[in-house]
Amino acid sequence: MAKVAKSPWLLHYDGSSCNGCDIEVLACLTPVYDVERFGVINTGNPKHADILLITGGINSQNKPVVEQLYSQMPSPKVVVAVGICACNGGVFKECYNILGGVDKVLPVDIYVPGCAARPNAIIDGVVKAVALLEEKRAKMDSEGGNNK
Amino acid sequence: MSTIIGIIAFIVFAPFAGGLLSGIDRKLTARMQGRIGPPILQPFYDVKKLLNKEILLINNMQILFMWCFLVFIVFTGALFCGGSNILLVFFVLTTAAMFLVLEASLTNSAYATMGANREMIQMLSYEPMVLLTAVGFYVATAFSTGTGTFNLHEIVDNSPIPNIVYLPGVFIGFLYILTIKLRKSPFDISMSHHAHQEMVKGVTTELSGGLMALMEISHWYENVFLLLVVSLFIICDAWWSIPLAVVVVAAAFFLEILIDNTSARVKWDVMLKSAWAVTLVFGCINVFILQLI
Ligand code: SF4
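Heads up: the protein sequence lines correspond to chains A and B, in order.
Read in order, the letters of the first sequence correspond to residues 5 to 152 in the working numbering.
Read in order, the letters of the second sequence correspond to residues 225 to 517 in the working numbering.
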């Protein structure tokens, strides 16, 4: 658990949400929760990110954006859906413009429930994502086909 | 002999010192913001992680230019520790910076190109003061010993008292541009450490995995080299100058972190004008007065 575990960098994308979860993700960075303790950095750049953290649902406008962000992240990478909107569309599920949760377009690895998801739950999700990153990393190594 | 020891010591120990400094920087920053902050060794974990990630290349030349950047930065520091000519040291440093600009420009990415443009403006801002620092040491040694020199060994060995006594203005000017060189706010305009900025990560936007690790390691080497230049203002022929230099360098580093945490990013024109104004007012007048007396 050494290589990625100690330094997971996040890319946070806020989809079609009420911004509640968005604010909770930012709350994780404040002095109260301070995720940087665990080496987590909220980077704004997909090329530096290990974890794609998405809040809010997917609509037809942000679908290509999310897909592109994901494709620009170097492996190993993990997708975390934060909040019920990102999990399956939540309260906006029935809206005409909403396609659904993030798993409609990306392979979501971790689902963090809640409306809004509490910072504790988000941090827990990130910790789970870190463990998964390590697994993927090991798999990349054993397959050997990675471009390091 | 001391030359070779100096060079080897720099090449081997500078990345450790630089990584630690960067860790201390992040810890202090967190404490200033009322957070606990990451472990001191966090920068090393980050680089180790980056080395294990996939590299997404846009242009194969990115690899070459990032290596050139690292090699030239190491070369700069090695020349400095080997006691070479201070002018040569600064010229090599400029060459290194050009490789970073080249790397960012050829990715054709909007953000990296913007970062490259801003990096060049940064060079334009700090370069006069860097050259004036070299001239300052020449004039100061000429003032104290009768013969001026750009040779680093002679600057240290021939000075009976720290050169900062003769060069207070140049020292202030150098501290000012040090903020630009260390990529600290308010002058972190070509590459910001913080998320959600208009230029994403500037010059480093298109660097992934191992290339970003090279960037971090170069940055460590560069920071150590820059702090060594600060110590050059203090170190002289006397033994007590070395502990004094350590104290001054630590104080300068702390000051940079404090400024980083208490100021917002400025626009490029403010940076350019203020850097040149400081160079002119403190640097030039200092050198001028030394010439006159
Ligand atoms: S899950 Fe709730 S709080 Fe979060 S974005 Fe959706 S509606 Fe807002």
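The C-beta atom is built at its ideal place from N, Cα and C for all residues, glycine as well.
Remark: the C-beta of C25/A is in contact range of the ligand SF4, defined as less than 7 angstroms to any heavy atom. A distance below 6 angstroms between beta-carbons, with the five flanking residues on each side excluded, links F323/B to the following residues of its chain, in chain order: F289, C292, F293. One Cα belongs to V44/A, the other to P263/B, and the distance between them is close to 11 angstroms. Straight-line measurement puts the Cα of E480/B at about 41 angstroms from the Cα of D113/A. Around the beta carbon of Q346/B, 16 or more other beta carbons lie within 10 angstroms, which makes this residue buried. Residue burial annotation: I458/B is buried, with at least 16 other C-beta atoms found within 10 angstroms of its C-beta. Residues of the stretch 253–280 of chain B with a Cβ closer than 7 angstroms to any Cβ of chain A, in chain order: A254, Q257, G258, R259, I260, G261, P262, Q266, Y269, D270, K272, K273, N276, K277, E278, I279, L280. By the CB criterion at 8 angstroms, Q76/A and P111/A fall outside the cutoff. Taking a cut-off of 8 angstroms for Cβ pairs, the stretch 300–320 of chain B and the stretch 409–422 of chain B do not touch, as fewer than three such pairs fall below it. Neighbours of E430/B across chain A, judged by C-beta separation under 7 angstroms: K51. Around the beta carbon of S487/B, fewer than 16 other beta carbons sit within 10 angstroms, so the residue counts as exposed.
Straight across, the Cα-Cα distance linking S414/B with Y100/A is about 42 angstroms. Distances between the C-beta of T59/A and the heavy atoms of the ligand SF4 include at least one below 7 angstroms.
Taking 7 angstroms as the cut-off, the C-beta of I114/A does not count as close to any heavy atom of the ligand SF4.
Against chain B, the beta carbon of S146/A has no neighbour under 8 angstroms; the closest one sits roughly 13 angstroms away. When the Cα atoms are used, L391/B and A364/B turn out to be separated by approximately 7 angstroms. Partner residues in the beta bridge of G104/A, as assigned by DSSP, are I62/A. N382/B sits close to T369/B, with the two beta carbons spaced by under 8 angstroms.
For A254/B, the CB contacts under 6 angstroms within the same chain, skipping 5 residues up- and downstream, are G261 in chain order. Residue pairing for I45/A: DSSP places it in a beta bridge opposite W13/A. Where A476/B is concerned, the enclosing alpha helix (DSSP H) starts and stops at 465–486. Cβ contact annotation for V389/B (same chain, cutoff 6 angstroms, sequence separation greater than five): none.
Listed along the chain, the chain A residues whose CB falls inside 7 angstroms of the CB of V298/B amount to none; the nearest CB is some 22 angstroms away. A straight-line Cα-Cα distance of about 12 angstroms links M144/A and P78/A. Taken in chain order, the members of the stretch 26–41 of chain A whose beta-carbon sits within less than 7 angstroms of a beta-carbon on chain B are P35, D38, E40, R41.
With fewer than 16 other Cβ atoms from the protein chains shown falling within 10 Å of its own Cβ, Q515/B counts as exposed. In this structure, the beta-carbon distance from A469/B to S455/B falls below 8 angstroms. Chain B has a Cβ within less than 8 angstroms of the Cβ of P78/A.
Within the chosen limit of 7 angstroms, the ligand SF4 does not reach the beta carbon of C32/A with any heavy atom. In chain B, no part has a C-beta under 7 angstroms from the C-beta of S21/A; the shortest such distance is about 16 angstroms.
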